[in-house]
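Structure, as structure tokens:
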């Protein structure tokens, strides 16, 4: 019920074109690439609460196809995807003309990631990349907002 209330509230504001404070409300498109439906739901809810419009994609291949058709403002890509590793998804997206300017964030749960060693390995392959670990979805949203 809470999720539905949040969605209705966000859509009503978007239809009016104004936020609670009377300022223009422009929802930013965010693509969430996450294979775990439970985690995707939690992260999506945190993004919706922060005022973003979220599209959830379960695989790296599907994310690349969607980004090529309709590039988002921000892409949150899980590191450990089942089909294509998240860092490879980001590497490919950065090489595509339509998505080269998209802000991309590679993420993983903090209890599963040894951030420093992973960062070093990925940066040696790709170069500068935004990598975040989180324990709560709101922490991930905070890092994402820092990119915008």
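Numbering (this note's numbering), first residue to last: 229 to 376. Every residue gets a Cβ at the ideal spot worked out from N, C-alpha and C, and that includes glycine.
As DSSP reads the structure, residue 337 sits in a beta bridge with 362.
Beta-carbon to beta-carbon, residue 300 and residue 326 are separated by about 11 Å, too far to satisfy the 8 Å threshold. DSSP places residue 323 within a helical segment (H, G or I) once states are collapsed to three.
The Cβ atoms of residue 315 and residue 334 sit closer than 7 Å to each other. Nearest neighbour of residue 285 by Cα position, chosen from 277, 278, 279, 312, turns out to be 312.
Residue 306 is positioned such that its CB atom lies no closer than 7 Å to that of residue 375. Where residue 285 is concerned, the enclosing beta strand (DSSP E) starts and stops at 280–285. Residue pairing of residue 331 in beta bridges, as defined by DSSP: 302.
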